[in-house]
Structures are given as C-alpha cells and as structure tokens.
Amino acid sequence: MDTSHAKKNPVRQGVLDDVVGYHVARARVTTQAMFLRHVGQPLELRPVDYSLLMLLDANTRLTPKQLAQALALSAPNLTIMLDRMQERGLIERIRSETDRRSQHVLLSSAGRALTDQALARTPAMEADLDGALSRAERAMLIELLDKVARHQVGAAD
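Residue 14 is where the sequence shown starts when you use our numbering, and the numbers rise one by one after that.
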C-alpha cells in the first residue's frame, strides 16, 4: 500500500499501514499534545476531565450511569474520577428527588467557571488541525471515529 505517510516516513510500516488502531494511536499522540498545550496544562485537566465537564455543560445534570456510558468508563473508575472532581470543587452530587437511591451530577460554580475557561480555549485547540484537514475531511473523520467508537465487537451492524 503506497500512502502519503509512507512517502514522508522512510521506515516501512508493513502491516501497520492497514491497522486502524495504529493510525488512531498515532493521531492520538498529536491530538493529546494539542489538548495539553491549549487546555490540559493551563487548566490542570486530563482529557477525560474535560469530557466530563463538557458533558455536564451540555446536559445540566446526569446520573453516574449516564456519565459512565458516555465516557466508556467502568462504574468504579467513574466513582474515583467523580470523587477527585468533587474534591477539586468542580462538581456536586445531589440525590434524585424522585428516586432517593439515585443521584445526579452537576457542575458547581467553580466547575462552571473552569468549563467556561476550557470552552474559550477549545477553538484554538481545534484550529491546530486547520492546515491538516478540510472542513469536509474533519466532519468525515469525526463521523468515522464516532462509528468506530460505537461499534461493539461481535455485534452485527
């Protein structure tokens, strides 16, 4: 397979040229660096923290189960994350008014302020890819990555 990647990199990739996970991992290195430069380091956020804040911003309040599903995290890992975010004063957990066994997670005022800062930094982070992708390519990439993320191994399409 003769790809533009092969032309720019003298190291032959062999079977890796056709391994989707390899290319996703390589792209993650680039996007992770962009995230850290624009959002992660200045605001002391990990990508998963940023994602949680953005989900709460878009949905006002969610249950831990909804957050775990949206973030593809196990319940124990989400609990650890929520504990850490609550210790930072970024979220609040409130009991459901209709089901006392359930709780909702929402942004605190400090969480709202940090979310607003992260939102303000997001366009500059995304602009780092402007030279690499056209608008159509960007939309297609997001659509394809979403399709891969939603795919369940062993499930029929």
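Where a beta carbon is used, it is the ideal one built from N, C-alpha and C, also for glycine. It should be emphasised that the depicted structure is a prediction, and the values quoted were computed from it without experimental measurement.
Could you tell me the distance, in whole angstroms, from the CA atom of residue 138 to the CA atom of residue 131? Locating residue 138 in the sequence shown gives position 125, where the first residue counts as 1. Locating residue 131 in the sequence shown gives position 118, where the first residue counts as 1. Spanning the two alpha carbons is a distance of roughly 10 Å.
In its own chain, which residues sit with a C-beta less than 8 Å from the C-beta of residue 68, not counting the 5 before and 5 after it? Along the sequence shown, read from residue 1 onward, the residue named residue 68 stands at position 55. Cβ neighbours of residue 68 beyond the five flanking positions: 75, 80, 83, 84.
With burial defined as no fewer than 16 other Cβ atoms inside 10 Å of the residue's Cβ, what is the status of residue 35: buried or exposed? Reading the sequence shown from its first residue, position 22 is the one you call residue 35. By the neighbour-count rule (16 or more Cβ atoms within 10 Å), residue 35 is not buried but exposed.
Measure the Cβ-Cβ separation of residue 159 and residue 120 and say whether it is below 8 Å. Here residue 159 corresponds to residue number 146 of the sequence shown, with the count starting at 1. Here residue 120 corresponds to residue number 107 of the sequence shown, with the count starting at 1. No, these two residues do not count as a Cβ contact at 8 Å.
On a CA-only basis, which of 163, 135, 88, 32 is nearest residue 60? Give me that one, please. Counting from 1 along the sequence shown, the entry for residue 60 is found at position 47. The residue with the shortest Cα to Cα distance from residue 60 is 135.
How is the beta strand (DSSP E) around residue 116 delimited, first residue to last? As a working mapping, residue 116 is identified with position 103 in the sequence shown. Its beta strand (DSSP E) spans residues 116-120.
Give, in chain order, every unbroken run of the alpha helix (DSSP H) that is at least 4 residues long and sits entirely within the segment 65-123. Taking 4 residues as the shortest admissible run, the segment 65-123 contains the following complete alpha helix (DSSP H) segments, listed from N- to C-terminal end: 77-84, 88-100.
In angstroms, rounded to a whole number, what distance separates the CA positions of residue 78 and residue 88? If you number the sequence shown from 1, residue 78 lands on position 65. If you number the sequence shown from 1, residue 88 lands on position 75. The C-alpha of residue 88 is placed about 7 Å away from the C-alpha of residue 78.
Assigned exposure category for residue 53 - 16 Cβ within 10 Å defines buried: Start at 1 with the first residue of the sequence shown, and residue 53 comes out as number 40. With 16 or more other Cβ atoms within 10 Å, it is buried.
Once DSSP output is grouped into helix, strand and coil, what is the label at residue 55? The count along the sequence shown starts at 1 and reaches residue 55 at position 42. Assigned with DSSP and collapsed to three states, residue 55 falls in helix.
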